[in-house]
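First up is the structure itself, then whatever we jot down about it.
Chains as they are written, first to last, in the working numbering: chain A, 937 to 1719; chain B, 13 to 301.
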C-alpha cells in the first residue's frame, strides 16, 4: 500500500515537472513569436481593485485590436505599486506608461524620469481642442511642476489626469437619523467641526440605548494619513508648510487647534474611533455599520460601499472650523510616460486613449473616482450611474470649487516623517501635540540639512577604482603564483591539486561573483550616494557622509541598536531553551514520536504570506485568540493583556515576535534556501546521543517566519501604501533594525523609507543610510 | 545509600510511567500549539468572506465553502497554474543545481589535498555568517547588468554555485568514506570524475535527501528572491501569487488566501510525510558530525 502511494506520488511529481517545463517553454516560444508579430511593445503599470483592473484591461485590449503592431504588457501592482515602479526603474526597465501620484511627481520630475507632454499636447490641441479643454483645469494644473522652483501648479505638464476625487465624509444615514441629526442640511450648507463633534457625541451616545447594546458605535472615524490630515488642518486655517518647505507650520495656532481637536475627539471624548487592533480598522467598522461617519476620504470607497445592505449611506462635505474655511483635498492620479520609452509616439497615443472618453465613462459607472473630463463628470454617467445606491454624488463636484492643490516638497521623506510621528500625539496619545509638532519640524530640518544634502557631490571615479581594483587583483594573483612556483610538486601532487581546485571551482566562482565582489561594491557604495534607479555611473562620492549621517543625525540608528539588543536578549535564551526542550522531548523515547515530530515540524512548511495573516489574527487585540486566552488570566491581576501591535507595540511587539519564532522552533529549517548564502543554521547537538541532534532538535538562531513588509501594511482606503506602519521584518538582523518603524518608536531612517521605499520593501531589508536616493550600504557593515 | 536501593527499585516503575505521562502531556500541549494555526488556516479556507472578515477563525465551520478552493486558484485571483509551473521549474533546477554543485565542492574539500585548502574552507565556513543583505543590492546590480532581471536565472544560478552549509554537510559525509575504497577505485583506473559520479554520489543518498528537502522548502516558499527579480505577472511564483491576495483593503480575501495557502503547502507536507524517516536519519548521519 505504502509503496503504491509512493509510486503514485512519484508519478504525479514527474508529471507536474514535465508539464511545468513544457508550459514554461511553450510560453517562451509564444512570447518570442509574438514579439516578431508585434514589434512595438509597451509595458504599463497601474494599480486597482478588480473593477479598475477590468476597465484598464478592456481599454488595453481595444487599443491592441486597433493597433495590430502593438503588444501591451499590463501590470497591476496593486498596493505594491510604488515598490514595483521603483524596482522596475532600478532594473533599468521602466514601464512605458504608469500611474503617477502627486507624491511621486516632484521627485520623479526632478530626476528626469518623466517625459514632458507640453509639446505633444499643443499639437493635439490644434487637432482636437474639445477633448483637452474638457479636463478640469485644476486637475490639469496639478500635474504641472516646476523643478526649478519646486512648486506644483506651474511649469511643464508631466501627466494627463486619469481621474481625481475630492474629499468628503461618508455618513451612515441610519445612525445619523437615530441620533436626530439632519443630514440634508449638512449637505446643503456644510457643517463646522463643532457641529461634527456634537453629532459624533450624539451618535456615540446611542450605545446607551438597549437596541444598540454590544455594538460599540462611534460617531466618526478620521482618515489620518498625511494627505487627509492635511485636509483637516487646512479646514482650521493651517497647513503643513509656510512660505517654503523649511517652514513647518504644524506648531502654529491654526494647525495646533486642528490637532488638538483630533486628540480631543479620538482620545479624550472617544467619540471618534481610535482603532487599536491591527486587523480591524475604521473602514471595516464603517462597513459593519458601527461608525457614524468616515472621512476625509475620496470617491474610491464607493465600489466598496455600494454593496452595503445593512444601512443607507450618503456623503457630506468635510467640516470646517468656520464656514469660510471650507476646503477639500484633491486626490488625483494621472498617466505619465517614462522619459526613456522607446516608442514615445505610440505611448502618447495610448495615453490619449487611456484618458479618453470611453475609459472615463466606464470609470464613472464603477464609482471609482470623478472623471477628469467635465462633460462626463457632470453627466448622469457620474451623477447617477446605473445600479448605484442613490446618494448625492454632486457633493463631490461641489467640492471642486473650494478644492486646493497641495504643495509637496521634492524630498518625499516628508510624508514619512509626518505620517509616522504625528501618530504619537493624535492616535497613541504619548505626546502632546505641540511637542510632537516641534519634533516633526526638527526631524524634517535634520533631514533637509543632512550631511548628504549639504553640498553637490562629485561623481565616483570608477576608472580609478577599477584600475586600483585590477592592480590589486593582479598583484594578489602574482604573489600566489610566485609562492606556488617556489614549492616544487611532483606530478601526482600537481594532479591532485588541479583536480581539487577544479572540484571546488563552482563555489569559487560563486564566492568571487556573489560574495566578495558584491561585498566590496557594498563597501565602496557606503562612501557614495547612489539611487538604485540610475546606473552605477551616476553614483556620487560623498566620503564619510553616510557614516556621519548614521552616527550623528540619524535618530533611528541608536534606537535600532537598542531594539536589536532587546530582541536578542529576549529571543536567544528563550529560543534556546525551547529548542532544547523540544529536543529532549523528541528523544524521550516515547512511542509515536514520529507523529509528534511531524506535527512539530509542520509550521515550517506554511508559506509566510499565510503565516503572517494568521498571526495578525491571533495577536489581534479586539478578537485575537491569544488575548482572549490571556484576558481572564490578566484580569485576575487587574490588568488587560497587551495590545501587541497596537498601542503597546513599543514594549510588546518584540515579545510577540519571539512568540512567533517559538512556533517555528520545532521545524528544522525552512528558510535555508541556499540561494542567499547568509542564512544557514548550524545544527547543534543537544546531547551525547547521536539521535539527539536529529530532526527537530536542530536549533535555530535565525527567524523562521519572516514577516515581510508587504504583508503587514495598514489598510486604508487609499490605493497606495499609506504610512508604512508595519515595516518589514526579514531576519533577525534586518528585523530588529526595522522594528522601530514597526513600533513607531522611531521611523526607519526617513531617507530609506521614502526614496528607497520601493527598494527596501523589495529587498525586505532596509538599505540603511541610503538617503534620498543614495544607496550606500553602511549598516550591513556594522551588523 | 545501599539500603535505600531496594525500595527505590520498587518505585522506579510508577515513576517512569508518570514521567512518560508527563512527557506525553507536554507533547500533546505542544502539538496543540503547533497545530492550532493550521486549524485556523483550514477553518478559514472553508468559511465565507464575511465570517473571516469578522475575525472568526475559531468557531467550527457550519457549511463548508469548498468553492473557495477553485475560486482562490482562478486566473483572476491567484492564477495558480502558471505560478505552479514557474515555481516547479525554478525549484527543480535549484534542487538539482544545489545537489550537484555542493557535492562537487564537498568532494573537492574532502578528498583532495591542495594548497590553500584549509584557508579556503575556513573562508567558506565564515561566509555562512554573512548577512545576505550585504550582497543583495550588488548582486541585483550584477544580474541587472547581465540583463537577467525578470528571468528565472538570478534565482537558479546561485544554486549552481554551491552554498556553504550544504558543502559542509557533503564534505563531512565524504570525509567518512574509507580511503581504501577510493584507493581501490583509483588503482582500477577510475578518473576523479568517475569516483565522484559512480562512488561518491550514490553513497551520499542521505545527504542528498536533506539537501533536496531543505532546498525544496526554501525555494518553494521563497518570497524575497522572486520579489526582487521577477517583474512580469506571467513569471510570478506561488509565493508572489499568494501575496496578490493582499489588495487595496488589506487581505479582504483572507478566506481565499487561506484556501490558496493550504493548496500551496500541500506539497511540502506530503514531502515531509513521505521522506520523514529519511530526513531524520540523514540529519543524524551527516549533519551532526
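Idealized CB from N, CA, C, for every residue including glycine.
Asked, Found
"Where residue 267(B) sits in the DSSP three-state scheme", "helix"
"Of the residues 1068(A), 1023(A), 1093(A), 1163(A), the one placed nearest residue 1041(A), counting alpha carbons only", "1093(A)"
"Close Cβ partners of residue 1101(A) (< 6 Å) along its chain, the five nearest in sequence each way excluded", "1234, 1235, 1267, 1305, 1306"
"Residue 977(A), DSSP secondary structure in three states", "strand"
"Chain A residues whose Cβ lies nearer than 8 Å to that of residue 12(B)", "The structure shown does not extend to residue 12(B), since chain B is modelled only from 13 through 301, so no value can be given for it."
"Range covered by the beta strand (DSSP E) that runs through residue 1733(A)", "Residue numbering for chain A in the displayed model covers 937 to 1719; residue 1733(A) lies beyond these limits and cannot be assessed."
"Validate contact between the region 1283-1302 of chain A and the region 1352-1372 of chain A using beta carbons, cut 8 Å, 3 pairs", "no"
"Secondary structure of residue 208(B), DSSP reduced to three states", "helix"
"Proximal residues of chain B, C-beta to C-beta of residue 1307(A) below 9 Å", "Result: empty, since nearest Cβ-Cβ is about 20 Å, beyond 9 Å."
"Residue 1432(A) at chain B interface by Cβ criterion, 8 Å", "yes"
"Residue 113(B) at chain A interface by Cβ criterion, 8 Å", "yes"
"Bridge partner(s) assigned by DSSP for residue 1256(A)", "1128(A)"
"Cβ-Cβ separation, residue 92(B) to residue 253(B) (assumed contact under 8 Å), whole Å", "7 Å"
"At least three beta-carbon pairs within less than 8 Å, the region 1237-1245 of chain A to the region 994-1002 of chain A", "no"
"The region 1006-1013 of chain A / the region 1054-1062 of chain A touching (three or more Cβ pairs under 8 Å)", "no"
"Residue 227(B) versus 251(B), 201(B), 249(B), 102(B), residue with shortest Cα-Cα distance", "102(B)"
"Cβ distance (whole Å) where residue 96(B) is taken to contact residue 250(B) below 8 Å", "6 Å"
"DSSP-derived helix/strand/coil call for residue 1211(A)", "coil"
"Local conformation of residue 1035(A) per DSSP, three classes", "strand"
"is_contact[residue 246(B), chain A] using C-beta, thresh 8 Å", "yes"
"Beta carbon proximity, residue 201(B) to chain A, threshold 8 Å", "no"
"Closest residue to residue 1109(A) among 1517(A), 1248(A), 1466(A), 955(A) (Cα-Cα distance)", "1248(A)"
"Cutoff 8 Å: residue 1568(A) Cβ touching any chain B Cβ", "no"
"Sufficient close CB pairs (3 or more, under 8 Å) joining the region 1113-1130 of chain A to the region 1248-1263 of chain A", "yes"
"CB contact flag (residue 1231(A), residue 1159(A), <8 Å)", "yes"
"Inter-residue Cα distance where the pair is residue 1176(A) and residue 1185(A)", "5 Å"
"For residue 1007(A) and residue 978(A), the rounded distance between their alpha carbons", "6 Å"
"C-alpha distance - residue 1722(A) paired with residue 1534(A), whole-angstrom precision", "Missing from the structure shown is residue 1722(A); chain A here goes from 937 to 1719 and no further."
"Pair within 8 Å by beta-carbon distance, residue 119(B) and residue 186(B)", "yes"
"CB of residue 57(B) within 8 Å of CB of residue 80(B), strictly", "yes"
"Proximity test, Cβ basis, 8 Å: residue 217(B) and chain A", "no"
"Secondary structure of residue 1144(A), DSSP reduced to three states", "helix"
"Listed by chain order, chain B residues near residue 1136(A) by CB distance under 7 Å", "Within 7 Å Cβ-Cβ: nothing; residue 1136(A) doesn't reach chain B, min ~24 Å."
"Per-residue contacts from residue 172(B) into chain A (C-beta, under 7 Å)", "1442"
"Against chain A: residues of the region 76-101 of chain B by CB proximity under 9 Å", "88, 93, 94, 96, 97, 98, 99, 100, 101"
"6 Å Cβ shell around residue 1139(A) - same chain, five flanking residues per side excluded", "1111, 1115, 1155, 1228"
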